[in-house]
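With the numbering used here applied, the sequence shown covers 388 to 799.
All residues carry an ideal CB built from backbone N, CA and C; glycine is no exception.
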Amino acid sequence: MTDRRPLPHVRYLLLHAYGRGGTIRTVMNQANSLVAAGWSVEIVSAVRRRDDIQFPLDDRVQASTVVDLREGAHTPPSGLVARWRDRKRDELLQTPALHIPKGEFGYRYFNRYVEDRLIAYMKSLTSGILVTTRPALNFLSADHATNGVIRVAQEHMNLGTHRKDVQKRIQETYPRFATVAVLTERDREEYAELLPGTEVIRIPNAVHSLDQVAADPKSKIAVAAGRLFPQKGFDMLIPAWAKLVESFPEWQLRIYGSGEKKSELRNLIDVHHLYNHVLLMGHTDRLDDELAKASFYVLSSRFEGLPMVMIEAMSHSLPVVSFDCPTGPADVLTHGVDGLLVAPEDPDALADAMAKLMADEAMRADMGVAAVLTAASYGPDAVHPRWEALFTDLHEQRHGTAAVAGSAKGHA
Numbered sequence: 388m389t390d391r392r393p394l395p396h397v398r399y400l401l402l403h404a405y406g407r408g409g410t411i412r413t414v415m416n417q418a419n420s421l422v423a424a425g426w427s428v429e430i431v432s433a434v435r436r437r438d439d440i441q442f443p444l445d446d447r448v449q450a451s452t453v454v455d456l457r458e459g460a461h462t463p464p465s466g467l468v469a470r471w472r473d474r475k476r477d478e479l480l481q482t483p484a485l486h487i488p489k490g491e492f493g494y495r496y497f498n499r500y501v502e503d504r505l506i507a508y509m510k511s512l513t514s515g516i517l518v519t520t521r522p523a524l525n526f527l528s529a530d531h532a533t534n535g536v537i538r539v540a541q542e543h544m545n546l547g548t549h550r551k552d553v554q555k556r557i558q559e560t561y562p563r564f565a566t567v568a569v570l571t572e573r574d575r576e577e578y579a580e581l582l583p584g585t586e587v588i589r590i591p592n593a594v595h596s597l598d599q600v601a602a603d604p605k606s607k608i609a610v611a612a613g614r615l616f617p618q619k620g621f622d623m624l625i626p627a628w629a630k631l632v633e634s635f636p637e638w639q640l641r642i643y644g645s646g647e648k649k650s651e652l653r654n655l656i657d658v659h660h661l662y663n664h665v666l667l668m669g670h671t672d673r674l675d676d677e678l679a680k681a682s683f684y685v686l687s688s689r690f691e692g693l694p695m696v697m698i699e700a701m702s703h704s705l706p707v708v709s710f711d712c713p714t715g716p717a718d719v720l721t722h723g724v725d726g727l728l729v730a731p732e733d734p735d736a737l738a739d740a741m742a743k744l745m746a747d748e749a750m751r752a753d754m755g756v757a758a759v760l761t762a763a764s765y766g767p768d769a770v771h772p773r774w775e776a777l778f779t780d781l782h783e784q785r786h787g788t789a790a791v792a793g794s795a796k797g798h799a
């Protein structure tokens, strides 16, 4: 009789599990789905700066932190040796990272202290599955999570988006993973070409729900959402909208999100005299409600991994106008069916496509119906079983036994 073992404990390691980014949201969706299916799941935050997790997380999912950077979390110790160690800690917190390439987009969040603590944490792991979720964490896992843990690397960005020093480290370290998981078929092909002999699989992120309120094609509101960072291209979207105000004065663009470029974008709105036409709405915990008020969604990104908010918008029957940026939009949208794709970083083309939708309510309605059908393939029931199958297969390959579904009370 085949020996049947409990399912392995799955740890997702995020840079900042208490933040608001798209990767964080999709990883928590994965964790919620797994724990509901009987797996033992933990979210591990490399650093912590907030008190509360920002997205829905099942109470059965464990949450832990490697380095707590909240104000008041660190108490200065007493005693000579302890004070010396505390000074050393302060020095390392100010010392640049040693193991992370400077081209990594999250480089500024790392330092020697965070690196050392993460390395110690990874070396302490002796079983289960460790899923790391960005290049910096993947590199550390490849080098230091070597004591029996099954390592899975998630890539949420297109290979060509990474800078050369990051691509070099990817080529050096990713072959050590049991699997590298990417979001689109184009990504799978590119990473597989760079990493011959390494298992590279495509599993798209899932939307949190397909049971959404349908948008009203009669609405004269367009929505965009994302961090107010250069990647999202709102500095191109605002001038594009300025070209439309004279022809469509009753329309309004609402941009949801927070970030470092807020003041620059507000100045751009002022320069183009768009005070009542383009609104920076800030962060919202009720984005689904806001999407349902619109009649189309705009994606102006310079690059993406797989644009999940766009797919969530489509689940509300919203057609999409998008730059054909790498990667994701063209992997999801069919031009002229559920949205309109235009040349990357071309504000004039973006404006023309938005005008086409704004002028045609019937087109918005027809494309909205098609958008819902497209979004269905990114629903939880379509995507999450693929993670279960992957983790089960990896566990069985490692142990040569069959895992028992729903028996994850202990750590394998």
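Is the number of C-beta pairs between the stretch 754-764 and the stretch 695-714 that are closer than 8 Å three or more?
-> yes
Hey, could you find the ends of the alpha helix (DSSP H) A742 is sitting in?
-> Position 355 of the sequence shown holds residue 742. It spans 734-745 - the alpha helix (DSSP H) in which A742 sits, taken as one unbroken run.
Every unbroken alpha helix (DSSP H) within the stretch 529-564, with a cutoff of 4 residues, ordered by chain = 551-560
Secondary structure of L444, DSSP reduced to three states | Taking the sequence shown and counting its residues from 1, the one referred to as residue 444 is at position 57. It is coil, neither helix nor strand.
Cβ neighbour criterion (16 or more within 10 Å) applied to Q784 = Numbered from 1 along the sequence shown, position 397 holds the residue referred to as residue 784. Result: exposed.
Counting Cβ pairs, one atom from each stretch, are 3 or more of them under 8 Å apart for the stretch 462-474 and the stretch 439-451?
-> no
So is P522 buried or exposed if we call it buried at 16+ other beta carbons inside 10 Å?
-> On the sequence shown, position 135 is the one that residue 522 refers to. Flag for P522 reads buried.
Using the C-alpha atoms, what's the distance from V707 back to L727?
-> Within the sequence shown, numbered from 1, the residue matching residue 727 stands at position 340. Within the sequence shown, numbered from 1, the residue matching residue 707 stands at position 320. Near 6 Å, if we compare the C-alpha coordinates of V707 and L727.
Is the distance from the Cβ of R550 to the Cβ of P617 below 8 Å?
-> On the sequence shown, position 163 is the one that residue 550 refers to. On the sequence shown, position 230 is the one that residue 617 refers to. Not in contact: R550 and P617 (Cβ atoms no closer than 8 Å).
Rounded C-beta distance between S427 and V453? I'm assuming under 8 Å.
-> On the sequence shown, residue 427 is found 40 positions in, with the first residue counted as 1. On the sequence shown, residue 453 is found 66 positions in, with the first residue counted as 1. Contact doesn't hold; Cβ gap of about 19 Å is too wide.
Report back the beta-carbon spacing between W628 and L661 to the nearest angstrom; my notes put them in contact at under 8 Å.
-> Within the sequence shown, the letter at position 241 stands for residue 628. Within the sequence shown, the letter at position 274 stands for residue 661. That pair is a contact at about 7 Å.
Name the DSSP beta bridge partners of N498, please?
-> Counted from its first residue, the sequence shown places residue 498 at position 111. Note: N498 sits in a beta bridge opposite P483.
May I ask you to report which of helix, strand or coil DSSP gives A612?
-> Taking the first residue of the sequence shown as position 1, residue 612 is located at position 225. A612: strand per DSSP, three-state reduction.
Is it a yes or a no for the stretch 642-656 touching the stretch 607-614, going by three-plus beta-carbon pairs under 8 Å?
-> yes
In chain order, each alpha helix (DSSP H) run of at least 4 residues that lies wholly inside the stretch 700-736 = 716-719
Delimiting residues of the alpha helix (DSSP H) encompassing L402 = As a position in the sequence shown, residue 402 is number 15, starting the count at 1. Premise fails: L402 is in no alpha helix (DSSP H) and is neither H nor E.
Own chain partners of E651 with C-beta closer than 8 Å, once the 5 adjacent residues on each side are dropped = Here residue 651 corresponds to residue number 264 of the sequence shown, with the count starting at 1. Within the same chain, E651 has close Cβ partners D622.
Going along the chain, which residues of its own chain have a beta-carbon closer than 6 Å to the beta-carbon of V724, five neighbours each way excluded?
-> Counting from 1 along the sequence shown, the entry for residue 724 is found at position 337. Closer than 6 Å at the Cβ level, and outside the excluded window around V724, lie A757.
Proximal residues to R457 (C-beta, below 8 Å), its chain only, five neighbours per side dropped | As a first step, residue 457 is located in the sequence shown; it is residue number 70 there, counting from the start. Once the five neighbours on either side are set aside, the close Cβ partners of R457 are R435, R436, R437, D438.
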